[in-house]
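S.K.: Okay, handing you the structure first.
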Amino acid sequence: MRRIISVLMENEPGALSRIIGLFSQRGYNLDSLCVAPIDDSSLSRLTITTVGDDKVIEQITKQVNKLIDVLKISDLTDGSHVERELMLVKVATRSDAIRDEVKRTVDIFRGQVVDITPRNYTIEITGTSDKLDAFVQTMAQTAEIVELSRTGVCGLSRGEKAMRP
Amino acid sequence: MEMMSGAAMVVRALKDVGVKHVFGYPGGAVLDIYDALYAQEDVQHILVRHEQAAAHMADGYARATGQTGTVLVTSGPGATNTLTGIATAYMDSIPMVILSGQVPSMHIGEDAFQETDMVGCSRPIVKHSFLVKRAVDIPDAIAKAYYIANTGRPGPVVVDLPKDVVNVLESHPYQFPDKVQMRSYNPTIKGHMGQIKKALKTLLDAKRPILYVGGGAIACDASSLVTELAEKLHLPVTNTLMGLGAFPGDHEQCLGMLGMHGTLQANKSMHNADCILALGARFDDRVTNNVQKFCPHATIIHVDIDPASISKTVNAHIPVVGSVKSVLTQFFEQMHEINETERKEQLADWWEQIAAWRARNCLAYKTSDELIKPQQVIESLYRHTQGDAYVSSDVGQHQMFAALYYPFAKPRRWINSGGLGTMGFGLPAAMGVQFAHPEAVVACVTGDGSIQMNIQELSTCMQYGLPIKIISINNRALGMVRQWQDMIYKGRHSHSYMDSLPDFVKLAEAYGHVGIRVDKPEELDAAMARCFELKDKLVFMDIAVDQNEHVYPMQIKYGAMDDMRLSKTERT
C-alpha cells in the first residue's frame, strides 16, 4: 500500500543521507522524496512516499524515528490529508494546431504555460500524483514530451493536526 | 575562558568526559592530537598494532565496565581499519566513541592523501556521527558523542576531525557543556504503566511462563532485578548468547542458553511456553529459527529500550518500550505480595515438564583416551578459574562450547561478538577487559583460525604487560565451517582446513610470552593449572583437540525452536 510519511528533522549536513541510506540499507522502497527547510530554518521537513505492508511501514517509521537527527515522524495516510506534487513539462509545439490543443489541455488541468519558445512550451502543473500522471498521459497524445521534472509529493494533515518540534 | 588549540580541546574534552583509556594508532591527520596527548597524564593512550584491534579493545573495555570505550585513529586506512570493530559494537549495542582524523577541510573531496569519507563509510554501522567543522565545536561534539553512545540503546559514535580543526598553532576558547540536551534525541526509559499492568497480569496468570533475557538486561545493569523477579515468581530463565550472566548460569532456575546451539531444555521450554517475557532481547534469527513456527502457544511480552526492536521479526502481543531496569522496577511497584507456596504450586506441572527435558542431559559428550574434547577444555577452564574469570571469545565452535560449558554467574564476564560474529575479536577484547580490570583473571577462548586474525596484538600485550590467558582450541580447521560442511555439504571440506599452522608455542615465545602445548587428555588439567599459576605472564595454551567434534545441540534449519539435532545421530 502506498504511504506518505512526513519527517521533521534537524537541518544538518549529512542528515538527509542518513535517511536515504537507511532506506537502501534496510531494503525499503523509496518512491519519492521531497525536502526543504521550514519556517524555522534549523529544521527540515521531508515527505517520503513509499510502498509496504503494515509491518514494513511500522519498521520504516520506527527506524527513521531512531535516527538521532529526526524529531518527529508521522504517517499522513493514517488520516485525512492534503497532498500535492508540482511538475514542469516541456512539450514540443510543432504547429499552431498542437499549440492550441496543448493550451486547451493545460487549461482543463488548471496548469500554466510558464515559458514559450518557437519550438516548445514549458508547463507548470500542480496536483495529486494521479492527476499529474493523467496529465502526462493526455499530453503525450497531443504533443511530444521533451522532458519533465516532478518534485515528489509533499503533504500536510487536514484540520487541527500539526507536526511541530 | 581558557584558550587552547583544537588538538588540546580534544584531549581536554576526553578528560572532562571522564575517559581514562584511549586505544589508538597515530598517523598524519592526528599528529596534532597525539602531540596534545604527549603533554598530559590524565588520559592513557594504548598503542595497538592494528586499528581494528583498537576498536575491539575499546569494545571489550566497554562490555566489561559499562563505560564507553574510546578509539583514536588517523584518516583513511586508519579509519577504515576500525570499521569491522565499529560494526561489531553496533550489532551488540556497545557504547563506543571513535575519534578519526580527517584531511584538512579545504582538501575534503579532492581525493587527498589518506582521505576517506569516514562519516559516509561508517554511516550504516553507527548510532550517530559528527564531522566537526570548527575548533570551537569540539567540546560540544565530544560531549554529545559520549552522551549518545551510552544512553538509550547504546552504540558506537564517530567523531571525524579534519586536521585544520585540530591545528596546534591556533587557539580558541574552550567551554565544555554542563549538560547535553538534544531536542531530537530523548530515549524512552520508563515503561508505559498500562502496558506494564497488562504484562504483569499475563505473566502472573501464565501456567508455562519463561524469561528470555538478552544483552539489554546487562547494558542497563538490571541483572539483580532479573534474578529477583525470577526468584520471586519462580520462573525458568533462559539467557541469549549476549545475555549470558544476566541471570546466573549456575542458578537452579537457569535453563542455559537458547537458540541455534541452545540447550534442549531452553528451546523446549520456549516452544511450549504460554507466556514469554523477553527482557532486552531481540528475537534474532539465531534464536528463533523459523519465525513462522516460533513459539506457537505463547503470549509474547517484549520489553526493550529500542522501539524498532519490538515486532521487527516476531510480533509482540504486549510491547513495553523502556529500559529493562526501569520496567522491572515498575513491575515490582505494581506487584502484590506473592504467596510462595501458591506460586510454586501454580508452576509445579511446568517445572516437572522442564525437569524431564533437563534429564536428557543434552550437554553430555563422550570423552576419549587419545584426544582432548573441546568441551573438556572449557570445563577445565571453568574449574581452574572457579567460574569467576572474564572470558572473551572469538567466533566459531569454541565460542559455542564456551557459551554452553562455562556457566557465567555474573554479568559482564562473557565478552563475545554475538551479532556480527567477528573472528579476531577475542584477543583484543580480552586486552580491553584487562586494561579495565588490571587485577582480574582474563581468559581468551579462541581457535587456530580466529587467533590468527589479530595475533599481532601479542606485541601490544608485551608492551603493556597484560597477563591474558589465551586458551586456543586447536583443531587444525575452521571448526564451525567444517561442521556445516559435514552436515550439509556431505563432508566436502572446502577451504575449512588450516594447512601450515605456525608453532604457536614458539610464536608466543617470540613475542616474549609463555607458550604451552597440550595434546593428551591426561595432561590437560595440569597444564591449565600451570597456566593460571603464571599470574603475571601472558600464557598461550595451544590445545590440540578432536577435529571431528561437533557443537550440539543444534537447531534444524526451517524448523521450530525445538527442532534440534542432539548428536550426530539423534534428533528431537
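So the protein sequences, as listed, match chains E and Z. Per the numbering used here, numbering through the first sequence is continuous, rising by one, with the last residue being 434. Per the numbering used here, numbering through the second sequence is continuous, rising by one, with the last residue being 591. Backbone N, C-alpha and C define an ideal beta-carbon position, used for all residues, glycine too. Source: prediction; values computed, not measured.
(1) State buried or exposed for residue 351(E), treating a residue as buried only when at least 16 other CB atoms are found within 10 Å of its CB.
(2) Among 568(Z), 567(Z), 564(Z) and 546(Z), which one has its Cα closest to the Cα of residue 7(Z)?
(3) Alpha carbon to alpha carbon, how far is residue 377(E) from residue 398(E)?
(4) Scan the stretch 379-395 of chain E for residues whose Cβ lies nearer than 7 Å to a Cβ of chain Z and list them as they occur along the chain.
(5) Taking 9 Å as the CB-CB cut-off, is residue 151(Z) touching chain E?
(6) Counting contacts by CB-CB distance shorter than 9 Å, is residue 44(Z) in contact with chain E?
(7) At least one CB of chain Z closer than 9 Å to the CB of residue 334(E): is that the case?
(8) Using a Cβ cut-off of 7 Å, which residues of the stretch 338-361 of chain E contact any Cβ in chain Z, in chain order?
(9) Starting from residue 434(E), find everything on chain Z with Cβ-Cβ shorter than 7 Å and list it in chain order.
(10) Across the stretch 456-466 of chain Z and the stretch 485-492 of chain Z, are there enough close Cβ pairs to call them in contact, namely three or more that are closer than 8 Å?
(11) Against chain Z, does residue 291(E) count as a neighbour if the rule is that its beta carbon must be under 9 Å from one of theirs?
(12) Ignoring anything shorter than 3 residues or poking outside the stretch 466-536 of chain Z, list the beta strand (DSSP E) runs there in chain order.
(13) If the cut is a Cβ gap below 9 Å, which residues of chain Z does residue 313(E) touch?
(14) Can a CB atom of chain E be found closer than 9 Å to the CB of residue 319(Z)?
(15) Note down, in chain order, each residue of its chain lying with its Cβ closer than 7 Å to the Cβ of residue 213(Z), except the 5 sequence neighbours on either side.
(16) Quick check: the Cα distance between residue 592(Z) and residue 197(Z), rounded to an integer number of angstroms?
(17) For the stretch 62-81 of chain Z, list every residue whose C-beta sits within 7 Å of some C-beta in chain E, in sequence order.
(18) Using a C-beta to C-beta distance shorter than 9 Å, which residues of chain E count as neighbours of residue 632(Z)?
(19) Can you give the beta carbon distance from residue 275(E) to residue 349(E), rounded, assuming they're within the 8 Å contact cut?
(20) Chain E partners of residue 17(Z), CB-CB under 8 Å?
(21) At what residue ranges does the stretch 56-139 of chain Z contain a whole run of the alpha helix (DSSP H), taking only runs of 4 or more?
(22) Under three-state DSSP, which class holds residue 326(Z)?
(23) Quick check: is the beta carbon of residue 287(E) nearer than 9 Å to any beta carbon in chain Z?
(24) Measuring straight from C-alpha to C-alpha, what distance separates residue 352(Z) and residue 219(Z)?
(25) Please confirm if residue 236(Z) has its CB atom under 9 Å from at least one CB of chain E.
(26) In chain order, which alpha helix (DSSP H) runs of at least 4 residues are fully inside the stretch 213-294 of chain Z?
(27) What number of angstroms, rounded off, separates the C-alpha of residue 376(Z) from the C-alpha of residue 421(Z)?
(28) When the cut-off is 9 Å and only beta carbons count, does residue 211(Z) lie next to chain E?
(29) Under 7 Å between beta-carbons, which chain E residues line up against residue 143(Z)? List them in chain order, please.
(30) Looking at the structure shown, is residue 444(Z) part of a helix, part of a strand, or coil, going by DSSP?
(31) Against chain Z, does residue 328(E) count as a neighbour if the rule is that its beta carbon must be under 9 Å from one of theirs?
(32) At the 9 Å Cβ level, is residue 270(E) part of the contact set with chain Z, yes or no?
(33) My output table needs one value for residue 11(Z): the three-state DSSP class, helix, strand or coil.
(34) Strictly below 9 Å CB to CB, what residues from chain Z border residue 424(E)?
(35) Determine, using beta carbons only, whether residue 333(Z) comes closer than 9 Å to chain E.
(36) Just to confirm, is the Cβ distance from residue 298(Z) to residue 254(Z) under 9 Å?
M.R.: Checking against the coordinates, here is how it stands:
(1) exposed
(2) In the structure as shown, chain Z begins at 20 and stops at 591. Residue 7(Z) is therefore absent and cannot be evaluated.
(3) 16 Å
(4) none
(5) no
(6) no
(7) yes
(8) When C-beta distances to chain Z are compared with 7 Å, the residues of the stretch 338-361 of chain E below that value are 338, 339 and 340, in chain order.
(9) 202
(10) yes
(11) Closer than 9 Å to the CB of residue 291(E) there is at least one CB belonging to chain Z.
(12) With a minimum length of 3 residues, the continuous beta strand (DSSP E) runs that stay inside the stretch 466-536 of chain Z are 488-493.
(13) Result: empty, since nearest Cβ-Cβ is about 11 Å, beyond 9 Å.
(14) The beta-carbon of residue 319(Z) is placed no less than 9 Å from the nearest beta-carbon of chain E.
(15) none
(16) The first residue shown for chain Z is 20 and the last is 591, placing residue 592(Z) beyond what the model contains.
(17) none
(18) Residue 632(Z) cannot be examined here, being either before or after the span of chain Z that is shown, 20 to 591.
(19) At roughly 14 Å, the Cβ-Cβ gap does not stay under 8 Å, so residue 275(E) and residue 349(E) are not in contact.
(20) Outside the modelled stretch of chain Z, which goes from 20 to 591, sits residue 17(Z), for which no answer is possible.
(21) Counting only runs of 4 or more, we get 70-84, 96-100 and 102-110.
(22) Residue state, collapsed to three classes: helix.
(23) yes
(24) 11 Å
(25) no
(26) 234-238, 242-252 and 283-291
(27) 22 Å
(28) no
(29) What residue 143(Z) touches in chain E, judged by beta-carbon distance under 7 Å, is 290 and 294, going in chain order.
(30) coil
(31) yes
(32) Residue 270(E) is outside the set of residues whose beta carbon lies under 9 Å from a beta carbon in chain Z.
(33) Chain Z is shown from 20 up to 591; residue 11(Z) falls before or after that span and cannot be answered.
(34) Chain Z residues near residue 424(E): none, gap ~21 Å exceeds 9 Å.
(35) no
(36) no
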